[in-house]
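> Sharing a structure with you now.
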Amino acid sequence: MKNAPQATPNEEDIEERLLAVAALIDEFEGYAQNRQQGAHAARIALLADALAIKLQLAAHDRFALRQAALVHDIGEMVMNREYTKASWILHPDERFDMQRHAVIGEQEAAKRGLGRAVQLLVRWHHEWWNGAGYPDALEREQIPLAARILRAADTFAALTSERSYRPAFSVADAKKYLTEWAGIEFDPRVVKMFLTLEEREK
Numbered sequence: 209m210k211n212a213p214q215a216t217p218n219e220e221d222i223e224e225r226l227l228a229v230a231a232l233i234d235e236f237e238g239y240a241q242n243r244q245q246g247a248h249a250a251r252i253a254l255l256a257d258a259l260a261i262k263l264q265l266a267a268h269d270r271f272a273l274r275q276a277a278l279v280h281d282i283g284e285m286v287m288n289r290e291y292t293k294a295s296w297i298l299h300p301d302e303r304f305d306m307q308r309h310a311v312i313g314e315q316e317a318a319k320r321g322l323g324r325a326v327q328l329l330v331r332w333h334h335e336w337w338n339g340a341g342y343p344d345a346l347e348r349e350q351i352p353l354a355a356r357i358l359r360a361a362d363t364f365a366a367l368t369s370e371r372s373y374r375p376a377f378s379v380a381d382a383k384k385y386l387t388e389w390a391g392i393e394f395d396p397r398v399v400k401m402f403l404t405l406e407e408r409e410k
């Protein structure tokens, strides 16, 4: 990725390849590319990397995080369910089925030769700080810091993107959401650091 610092030529090649996959996932999920924000998954990767720098993640952990951010919802595309972009409240059976995308995404990441760290971040990107997430109901520090970062970055990017069934949240409202759910869905430390990001980093 162009804005991801300290990437080696090989890492850049991998990320460029994953950007093409990410574009397909974005299209499937119904994310229209915003000229100002850029592609949805790429934006998540940049947000996550900016947070990772502030939280002093090692270079190899940042590389895995950026890869995972680009393909975190690949399981949804593989499942190819009609209700992925549904404007209605999902039936409990649909919701339970949709939760499988994290595990299917982990498997798909493995098929594509991505490292185990990337696979696990894809698996755990819906884990909640309080243990109410899925698929493994991990909580607090059981969830790797990179996965906690991805949870916050993914949520912020999704909220501030226009969808077919709702308008985009303002940056202020999205920040408020993260703040209100800190300690429940999100790691409070990650949210606190997220709020310090410069506007250009969002």
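Sequence positions in the sequence shown follow our numbering and run 209 to 410. A virtual CB, placed ideally from N, CA and C, is assigned to each residue, including glycine.
Rank 339, 296 and 279 by C-alpha distance to the C-alpha of residue 311 and give the top, closest one.
When each option's Cα is compared against that of residue 311, the closest is 279.
> Quickly, what does DSSP pair residue 303 with across the bridge? List them, please.
In DSSP, residue 303 forms no bridge with anything.
> Give the straight-line distance between the Cα atoms of residue 373 and residue 328, rounded to the nearest whole angstrom.
Taking the straight line from one Cα to the other gives about 30 Å.
> At a cut-off of 7 Å, would you count residue 335 as near the ligand SAM, judging by its Cβ distance to the nearest heavy atom?
The ligand SAM is not among the ligands present in this structure, which contains no ligands whatsoever.
> Please state whether the Cβ-Cβ distance between residue 252 and residue 362 is less than 8 Å.
The answer is yes: Cβ separation under 8 Å.
> Do residue 386 and residue 277 have their C-beta atoms within less than 8 Å of each other?
Not a contact, by the Cβ cut-off of 8 Å.
> From residue 332 to residue 307, what distance separates their C-alpha atoms?
Roughly 11 Å between the two C-alpha positions.
> Along the chain, where does the alpha helix (DSSP H) that runs through residue 269 open and close?
Unbroken alpha helix (DSSP H) run through residue 269: 267-279.
> Under a three-way DSSP split, which group does residue 377 fall into?
Of the three classes helix, strand and coil, the one that applies to residue 377 here is coil, per DSSP.
> Quick check on residue 390: does DSSP put it in helix, strand or coil?
Three-state DSSP puts residue 390 in a strand.
> Going straight from the alpha carbon of residue 243 to that of residue 265, what length do you get?
For residue 243, the predicted model reports a pLDDT of 49, less than 50, meaning its position is unreliable and no value from the coordinates is stated.
> Please classify residue 337: is it buried, with 16 or more other beta-carbons within 10 angstroms of its beta-carbon, or exposed?
With 16 or more other Cβ atoms within 10 Å, it is buried.
> Can you check DSSP and say which residues form a bridge with residue 371?
According to DSSP, which records beta bridges pairwise, residue 371 is partnered with 374.
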